[in-house]
Structures are given as structure tokens and as C-alpha cells.
Amino acid sequence: MTKKRIIGIAVVVLLMAGVGIGTWAIASSNYGTSSDPLVTLSYLNETLMPQILNEFKSEMDKKVAELTAEFEAQIRELEKKLSGFEGGDVFATVTLSSGQSLTCEEGAEIMLRSGTAEAIAGLSDLTSGENLSLSGGLMKNHMYVVLSSGGGISAKSEVTALVRGTYTIS
2 MTKKRIIGIA VVVLLMAGVG IGTWAIASSN YGTSSDPLVT LSYLNETLMP
52 QILNEFKSEM DKKVAELTAE FEAQIRELEK KLSGFEGGDV FATVTLSSGQ
102 SLTCEEGAEI MLRSGTAEAI AGLSDLTSGE NLSLSGGLMK NHMYVVLSSG
152 GGISAKSEVT ALVRGTYTIS
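Take 2 as the starting number for the sequence shown in our numbering and just add one per residue.
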């Protein structure tokens with residue numbers, strides 16, 4: 002669902018809730034008493050109705066702002082979970098020290114920019130079209146895709162790599 006669609010649904014739900022609350026407020030208000038049961042139409046039209054509408058509008062504006070902020074936060078959180086890191090559908094620059102490992106979820110992409118590294122498991126070199134064997138060396142500036150969760154690279158020297166997708170460093 003798109004952000005605009007979620008916000009649109011929220012606004013419709015809020016408006017429906019507001020109409021219900023407004024109806025309840027009018028029905029439950031105690032205008033007129035048993036000693037004075039009459040209320041003039043001009044009082045309703047000129048005094049009471051504008052007051053109720055102003056209160057209703059201010060409450061609705063406040064609720065819409067709260068829900069909009071909540072929906073936007075949830076959308077950002079979902080985008081973060083779907084992309085694996087903050088920043089969306091872009092590459093993250095990752096630096097590994099010698100001996101560290103970068104493990105990724107299936108479908109993640111890795112590009113070695115500097116240093117030397119070996120495949121941990123399940124990498125395919127998209128640039129050359131070959132699958133890497135376990136402990137196979139990576140070529141600089143080649144695009145690798147992780148074929149199964151837990152695949153990744155092990156740094157043999159200080160390594161800089163570009164990564165897109167969910168990853169962990171250990």
C-alpha cells in the first residue's frame with residue numbers, strides 16, 4: 002500500500018469516527034431541562050452549532066495529525082525492514098577489518114571496492130556469470146548476489162564493499 006493510500010484511508014476512518022462522535026455529543030448534551038425544555042432554533046443555529054463544530058474540528062485536526070504521524074512512522078519502519086537498512090533501495094558502504102565476516106540474507110548484493118575477500122557460501126558473480134566456490138576470491142568491482150541466507154564474504158585484509166539488502170557483520 003502506498004503512503005498516500007494509507008493516509009487517505011486513515012482520514013476517511015477519522016471522518017467517520019468524527020461524525021459518530023459529533024452525533025453522540027449532540028444527542029447526549031443536556032440543553033434544556035425539565036423546568037425549561039424549549040430551545041430556540043436561532044440559539045441552535047447561531048450559538049450551539051458553531052460551538053460544536055469548532056470543538057469537533059479542533060479535535061479532528063488533532064487526531065488526524067496524531068494518526069498521520071503514527072502512519073508515517075510505521076511506513077518508515079516498514080521501509081527500513083523491507084530494505085534491510087535505513088536509506089531505502091541504495092547501496093550501503095561497509096568497511097570490514099581483516100578476519101571479519103559479512104553475512105547476508107538471500108538476494109542481497111555485494112560489490113568489493115578495495116581489499117581482498119573470499120566467499121563464505123552461496124555467491125554468484127553477476128558480472129562474469131559464474132558461481133563462486135566456497136573460499137573463492139572476490140574480484141574488485143564485480144557485482145555478487147547472495148544465493149541463500151548466510152552467504153557473504155570474509156575479509157582477508159581491510160575491505161570496503163558496497164552492500165544492498167539485509168546484512169550483519171561479525
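Glycine is no exception: its CB is placed at the ideal position from the N, C-alpha and C atoms.
Taking C-beta separations shorter than 6 Å and ignoring five residues to either side along the sequence, the partners of GLY137 in its chain run ALA120, following chain order.
Scanning its chain for C-beta atoms nearer than 7 Å, with the 5 sequence neighbours on each side dropped, one finds around MET144 the residues GLU110, MET112, LEU127 and THR128, in chain order. Leaving aside the five residues that flank PHE92 on each side, the residues in its chain whose CB is nearer than 8 Å to its CB run, in chain order, GLU110, MET112, LEU163, VAL164 and ARG165. Annotation: the continuous beta strand (DSSP E) that includes GLY152 extends over 152–156. Under the three-state reduction of DSSP, GLU131 is assigned to strand.
Per DSSP, LEU49 lies in no beta strand (DSSP E) and is assigned neither H nor E.
In this structure THR161 is in contact with THR96, their Cβ atoms being roughly 5 Å apart against a cut-off of 8 Å. Restricting attention to ALA156, SER171, SER158 and LYS4, the CA atom closest to the CA of GLU78 is found in LYS4. In the three-state scheme derived from DSSP, where H, G and I count as helix and E and B as strand, LEU148 is classed as coil. Counting along the chain, the unbroken beta strand (DSSP E) around GLU119 starts and ends at 118–122. Shown here for GLY19: same chain residues with a beta carbon closer than 7 Å to its own, the five before and five after excluded, namely PHE57 and MET61 in chain order. For the pair ILE10 and THR24, the Cα-to-Cα distance works out to about 21 Å. Using a 10 angstroms sphere on the CB of SER59, the tally of other CB atoms stays under 16, which defines it as exposed.
For ALA93, the uninterrupted beta strand (DSSP E) segment begins and ends at 93–97.
THR167 has its alpha-carbon roughly 9 Å from the corresponding atom of THR104.
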